[in-house]
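Engineer: If you read the sequence shown in our numbering, its first letter stands for residue 272, the second for the next number, and so on.
Backbone N, C-alpha and C define an ideal beta-carbon position, used for all residues, glycine too.
In this text the structure is predicted, and so the values were computed from the model without any measurement.
First the structure, which I've put down as structure tokens, then a few questions once you've had a look.
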Amino acid sequence: MSIGIRLHDSAQGALKERAAFVRAQGFACVHLALSKTLAPEYMEPHMLTAGLADHVRHELDGLDIAVLGCYLQLATPDEKRWQANLAKYIAHLRMARWLGAGVVGTETDRPNLENRYDPAETHSEDALKLLIDRLCPVVEAAEKLGSVLAIEPVYTHIVSTPQRARRVLDAIHSPNLQIIFDPVNLLHGDNLDRRDAVMAEAMELLGDDIAVLHMKDYDAIAPDGGLHACAAGSGLMRYDEIFRFVREKKPFIHMTLEDTRPENAEQAREFCVRGLMG
């Protein structure tokens, strides 16, 4: 099992220093967001060159890149913003090929200019149709470049449930579109009483297309129904069936930690190791 971490959650420092730190903590791969580990301008297409890819690989010194993050709004109604975001997605897909990254990861956000969560609007059929329309050219680019785009379902986003994620996969119908499975992101105060059923649905409906797992926990419910995230193993989430799924169906999948701090990352990694050992 390749357990990793978001590199921007590591101790502060240059790219090489961050890589050395997480390697010393026992991690084998990373979720890499160039804008957060280098500088914000590294989201821009003109910055993403083969030379930069060589530099990043050298600095990571053997750490695999499980996910190259490009978390930009897909379903924005602003056409100019969408064209700019599309160019960034394509540049990241090309960069992923040069880097040897597993997937380019993203979420599906909300269909308004403010990226504001309105349940009726966000979970509507119109929002899902807009998202699918926006995804088509991104996935076409992934196919041409030999890269994979992976979308991450989140309860407060357009792809809010395993069922909606399955509809998107079936509509796009491409092997270059896969899923990042973050169990906690599929939960909310509205469905927490169905937690185990939601997890079972996700593994049943999406299992064949899950490319990466994001591992975190939750320890409280906010007044708006959102869950307060924390490091894996430090909250209320039950991972028994998910670990079983990984052991039986995805034994070498990349599993990256989220919402850790440098002082608790090793503990979270050890929690995952124990779970995977059964």
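Once you ignore the five residues that flank residue 346 on each side, which residues in its own chain have a CB closer than 8 Å to its CB?
Structural biologist: 379, 380, 381, 382, 398, 401, 402, 405 and 429
Engineer: Per the DSSP calculation, residue 354 is bridged to which residue(s)?
Structural biologist: According to DSSP, residue 354 bridges with nothing at all.
Engineer: DSSP three-state label for residue 545, please.
Structural biologist: helix
Engineer: Assuming residue 571 contacts residue 427 under a Cβ cut-off of 8 Å, what Cβ separation, rounded to an integer in Å, is found between them?
Structural biologist: Nothing can be reported for residue 571, as the shown portion of the chain is limited to 272 through 549.
Engineer: Assign residue 394 to one of three DSSP states: helix, strand, or coil.
Structural biologist: The DSSP-derived three-state label of residue 394 is coil.
Engineer: Which residue spans inside the stretch 449-535 form an unbroken alpha helix (DSSP H) run of at least 4?
Structural biologist: Listed in chain order, the complete alpha helix (DSSP H) runs (minimum 4 residues) inside the stretch 449-535 are 466-477 and 511-520.
Engineer: By DSSP, does residue 273 sit in helix, in strand, or in coil?
Structural biologist: strand
Engineer: Three or more beta-carbon pairs under 8 Å between the stretch 464-479 and the stretch 434-446, yes or no?
Structural biologist: yes
Engineer: Could you pull out every unbroken beta strand (DSSP E) segment of at least 3 residues lying fully inside the stretch 273-337, listed in chain order?
Structural biologist: 273-277 and 300-303
Engineer: Suppose you measure from the CA of residue 422 to the CA of residue 376; what does that come to, to the nearest Å?
Structural biologist: 6 Å
Engineer: Looking at the structure shown, is residue 414 part of a helix, part of a strand, or coil, going by DSSP?
Structural biologist: helix
Engineer: So, at 8 Å on beta carbons, what are the nonlocal neighbours of residue 282 in its own chain, with the 5 sequence-adjacent residues on each side left out?
Structural biologist: 288, 289, 292 and 533
Engineer: Anyone know if the C-beta pair for residue 303 and residue 319 falls short of 8 Å?
Structural biologist: No, the Cβ-Cβ distance between residue 303 and residue 319 is not below 8 Å.
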